[in-house]
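Enquirer: Sequential numbering of the sequence shown, starting at 86, is according to this note's numbering.
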Amino acid sequence: MITDTHTHLYSEQFDEDRKEMINRAKNAGITRFFIPAIDASYTQRMLDLEQENPNDVFLMMGLHPTSVKENYKEELTHVKEWIDKRDFIAIGEIGIDLYWDKSFLPQQQEAFRTQIKWAKEKKLPIVIHCRDAFDEIFEVLESEKGEDLRGIFHCFTGTLEQAKQAISYNMKLGIGGVVTFKNGKIDKFLNQIDLKHIVLETDAPYLAPTPYRGKRNESSYITNIIDKLVDIYDLTFQEIAEITTQNSRDIFGV
């Protein structure tokens, strides 16, 4: 059993062949799909996806940092209404992204901290989006750390030191297509991180692994990520799949 802890199956990029794409993943052994939120404009798509795949799909709720704009308070209200209305598997994806736009940093920090507090209230894990913002993310996590803080550092692309710091906050590292890139760098030190701290993800339709780099990503390509981890950890495909799926159970509780 293989788990994709981060896949945007509701994306418009899958509108032509979503069912076939999900079937390809299932045929490759991927049977658990964890679905991060972006903002209010995608909520109905997520609910529809869950209705069509009730046994395989697990929804998160949250406000993505790149969607933190002038109306971020309305978006946060939307998140709060939904997490009070029904169960979700996690609060995510949330965090700070300074790659595209630095002008909303204070609002991103506020949204991140607010949603962490909600996750703690609901006893849920968080799923962190971090781009060009390790220091800013760690500053918030340092002030929120404790037994009630846990989650996944999605699409981890940092250094060994940053990996260890993320783990110190009860975070698993979400490892995806970047580990297969020639210039991805994390493959150089990942064997120094115990596999118990690793979960697998695709971030489909983004960040397709080699040999699909630059093309649309899909959940079945997680097998290419496992193949790379087989080399890094000198374990079997089956062992990587089992350990990382157990790690996802430890975080999400399912």
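Ideal Cβ placement from N, Cα and C applies to all residues, glycine included.
Note that the structure is a prediction, hence the values are computed from the model and not measured.
Within 10 Å of its beta-carbon, does S228 have 16 or more other beta-carbons around it, so buried, or fewer, so exposed?
Expert: S228 is exposed by the Cβ-count criterion.
Enquirer: Taking only the alpha-carbon atoms, compute the straight-line gap between D233 and K205 and give it to the nearest angstrom.
Expert: 6 angstroms
Enquirer: How far does the alpha helix (DSSP H) with V284 in it reach, from first residue to last?
Expert: Per DSSP, V284 belongs to no alpha helix (DSSP H); it is in the beta strand (DSSP E), I283 to L285.
Enquirer: Express the C-alpha separation of P121 and I87 in angstroms, rounding to a whole number.
Expert: Each residue's Cα considered, the two are about 18 angstroms apart.
Enquirer: Counting Cβ pairs, one atom from each stretch, are 3 or more of them under 8 angstroms apart for the stretch 288-301 and the stretch 244-254?
Expert: no
Enquirer: Mind pulling the alpha helix (DSSP H) runs of 4 or more residues that sit fully within the stretch 211-285?
Expert: 219-229 and 245-253
Enquirer: Give me the Cα-Cα distance between I115 and A196, rounded to the nearest whole angstrom.
Expert: 32 angstroms
Enquirer: Can you name, in chain order, every residue of its own chain whose Cβ lies under 6 angstroms from the Cβ of R130, other than the five neighbours on each side?
Expert: Y95
Enquirer: What residues in its chain sit with their C-beta under 6 angstroms from that of E221, if we drop five residues either side in the sequence?
Expert: Result list for E221: I181, in chain order.
Enquirer: So L144 is in the beta strand (DSSP E); what residue range does that whole segment cover?
Expert: V142 to L144
Enquirer: Is the beta carbon of L134 sitting closer than 8 angstroms to the one on I176?
Expert: The answer is no: Cβ separation not under 8 angstroms.
Enquirer: Between the beta-carbon of D141 and the beta-carbon of Y184, is there less than 8 angstroms?
Expert: no
Enquirer: When the Cα of K207 is compared with those of E97, W167 and E160, which residue comes out closest?
Expert: W167
Enquirer: How about I237 and G259: do their beta carbons lie closer than 8 angstroms?
Expert: Yes, these two residues count as a Cβ contact at 8 angstroms.
Enquirer: Here's a check: name, in chain order, each residue in its chain whose Cβ is nearer than 6 angstroms to the Cβ of M106, leaving out the five neighbours to either side.
Expert: F99 and E303
Enquirer: For D169, which of helix, strand or coil comes out of DSSP?
Expert: helix
Enquirer: Drop a sphere of 10 angstroms on the beta-carbon of R334, count the other beta-carbons inside from all chains shown, and report buried for 16 or more, exposed for fewer.
Expert: Around the Cβ of R334, a 10 Å sphere holds fewer than 16 other Cβ atoms; the residue is exposed.
Enquirer: My output table needs one value for I123: the three-state DSSP class, helix, strand or coil.
Expert: I123: coil per DSSP, three-state reduction.
Enquirer: Does the Cβ-Cβ distance between C240 and L292 come in under 8 angstroms?
Expert: yes
Enquirer: In angstroms, rounded to a whole number, what distance separates the CA positions of E324 and N276?
Expert: 15 angstroms
Enquirer: Tell me the residue span of the beta strand (DSSP E) that contains I179.
Expert: I176 to D182
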